[in-house]
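Report on one structure; see the data block that follows.
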Amino acid sequence: MTIQILRQSATLPGLQDEGPVARPLSEPASTTRGLAVELAGAGGNRSGLWECTPGRFERQLVQAEVMHILAGACSFTPTGGQAQQIRAGDTLFFPADTTGVWHITETLRKVYVVMA
2 MTIQILRQSA TLPGLQDEGP VARPLSEPAS TTRGLAVELA GAGGNRSGLW ECTPGRFERQ
62 LVQAEVMHIL AGACSFTPTG GQAQQIRAGD TLFFPADTTG VWHITETLRK VYVVMA
């Protein structure tokens, strides 16, 4: 078994352009970059690094997700709830079917695991 280490993941170069967010609420639309990390034994779970430029957009994942914010700042407003301020160093646990709006104020970079 080989352990993967992403050294200095908050500033690691080489993320691939993934285009604009799917449900933008601002112009220009936020754009994303990412790096998928294949993890043996993870089943259908997906993991990696993800980065997003400033803007507003609807959350588009229906799966549960765990993320740790490596850089940047934003807020997330769950549908029917209060805006939550989020910044580098915070760890978030999203239950499946969480809906709401992201407002990225400083380019955000996170490590994530999306549950199958």
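Just so we're aligned, residue 2 is where the sequence shown starts under the working numbering, counting upward by one.
For each residue, glycine too, the CB sits at the ideal point set by N, CA and C.
With DSSP collapsed to three states, give me the class of residue i.
i	result
residue 85	strand
residue 101	strand
residue 14	coil
Evaluate residue i with the Cβ neighbour count: other Cβ atoms within 10 Å of its Cβ, from every protein chain shown; 16 or more gives buried, anything less gives exposed.
i	result
residue 6	exposed
residue 63	exposed
residue 105	buried
residue 8	exposed
residue 28	exposed
residue 60	buried
Thinking C-alpha only, which one of the options is nearest residue i?
i	options	result
residue 35	12, 52 and 61	52
residue 112	71, 56, 94 and 30	71
residue 65	100, 54, 12 and 90	100
residue 96	68, 110, 86 and 90	68
Bridge partners of residue i, per DSSP?
i	result
residue 4	Paired residues: none, contrary to the question.
residue 107	74
residue 32	21
residue 93	68
residue 38	The partner list for residue 38 (beta bridge, DSSP) is empty, contrary to what the question assumes.
Those runs of the beta strand (DSSP E) which lie wholly inside the segment 46 to 72 and span at least 3 residues: Annotation note: the segment 46 to 72 contains the following uninterrupted beta strand (DSSP E) runs of length 3 or greater, listed N- to C-terminal: 47 to 53 and 56 to 59.
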